[in-house]
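A quick write-up on the structure given underneath.
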Amino acid sequence: MTIIFKAKSQEAYCIKILAELLSNNIKTGCFVIDETGIYLCMMDSHRSILIDLFLKADNFSIYKFNNKKMHLGINLNHFHKMVKSVKKKDSIELFIDDKTPNDLAIKVIPKENNRITISYIKIQNVQNLEIDIPTGYGKPIIVNSSDYQKLVKEMSNIGNVMKVISSNYNIEFSCNAGGILKRTVKFGEDDDDEEDNNSQEFSQEYVTEQLYRITKLSGLSNNIQIYAGKPLLFCSNIGSLGKISIYIKSKEQIESENYNILDSEYESD
515 MTIIFKAKSQ EAYCIKILAE LLSNNIKTGC FVIDETGIYL CMMDSHRSIL
565 IDLFLKADNF SIYKFNNKKM HLGINLNHFH KMVKSVKKKD SIELFIDDKT
615 PNDLAIKVIP KENNRITISY IKIQNVQNLE IDIPTGYGKP IIVNSSDYQK
665 LVKEMSNIGN VMKVISSNYN IEFSCNAGGI LKRTVKFGED DDDEEDNNSQ
715 EFSQEYVTEQ LYRITKLSGL SNNIQIYAGK PLLFCSNIGS LGKISIYIKS
765 KEQIESENYN ILDSEYESD
């Protein structure tokens, strides 16, 4: 048996959280694997959320790749099921061998090494579309990831739409249930520097459920970097393995794009 690909890490729990985060947003992930690491850049089915991640080969305790660049279509719900029982001190090994090149093997190794589990997921053929990554962002607001998770869970009980306002060094999330219930949470610092007084304020509305679907970021790193812009950008480390960026479109962007699609369909008729 010859190993085509192998990646081993002691951060199995981090992979588990990442799998849940991805499965909450994307049904089938197209992962690109080469000698530098593991990539994924995909949008959800509604094209309102873009996920861009990279797990660097050098950050795995073992990383072997003996092939040309590979594209792996993985059902993310199945992948999450296979790693759902992972504990915090477990290790994980992902590998593909030449005897079963259409199967991704997932080996979970407990710290005590007394119950090693190997699961297999069928690799699907999927087309990886080229996606333009949004650019032009300024400085981020650094937010504690657990505080963000708590904020969104609380807001989801108040309203379906959340307003995000940002200027200079702070960002504010607010929800309003028809004037009956209101809540505002602010992160960051107030800065009285006169040079920054002319900076433009960012203000957009977002579907609360979209912001809720990325709350598992809290399990990947202590902090999240939030960049105001269209789309809104959330960045986080994936433990010590790599980085993830999640772009979320505002209601205004989604409605504008839907209008343009309908308009173009009308013109084609």
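Sequential numbering of the sequence shown, starting at 515, is according to the working numbering.
Every residue gets a Cβ at the ideal spot worked out from N, C-alpha and C, and that includes glycine.
Practice task
Kindly indicate which three-state DSSP category residue 635 falls into: helix, strand or coil?
Solution key: strand
Problem - Residue-chain proximity (residue 633, chain D), Cβ-Cβ < 9 Å - result: The question asks about chain D, but that chain is absent: this structure has only one protein chain.
Handout entry: Pairwise C-alpha distance: residue 740 and residue 590
Key = 25 Å
Handout entry: Buried versus exposed, by CB contacts within 10 Å (16 or more), residue 692
Key = exposed
Problem - Residues bridged to residue 554 [DSSP beta-bridge criterion] - result: 545 and 567
Practice task
Express the C-alpha separation of residue 642 and residue 557 in angstroms, rounding to a whole number.
Solution key: 11 Å
Exercise for the section: Rounded to whole angstroms, what's the CA-CA distance from residue 578 to residue 549? Just pull it up for me. Expected result: 7 Å
Problem - Same chain, Cβ closer than 6 Å to residue 694, neighbours up to 5 away in sequence not counted - result: none
Problem - Reduced DSSP secondary structure (H/G/I, E/B, other) of residue 683 - result: coil
Practice task
Go to residue 698, then tell me how far its beta strand (DSSP E) extends in each direction, as first and last residue.
Solution key: 695-702
Handout entry: Cβ shell of residue 569 (< 6 Å), same chain only, five flanking positions each side left out
Key = 551, 552, 755 and 756
Practice task
Pick helix, strand or coil for residue 724, following the three-state DSSP scheme.
Solution key: helix
Problem - Cβ-Cβ distance between residue 546 and residue 596 below 9 Å - result: no
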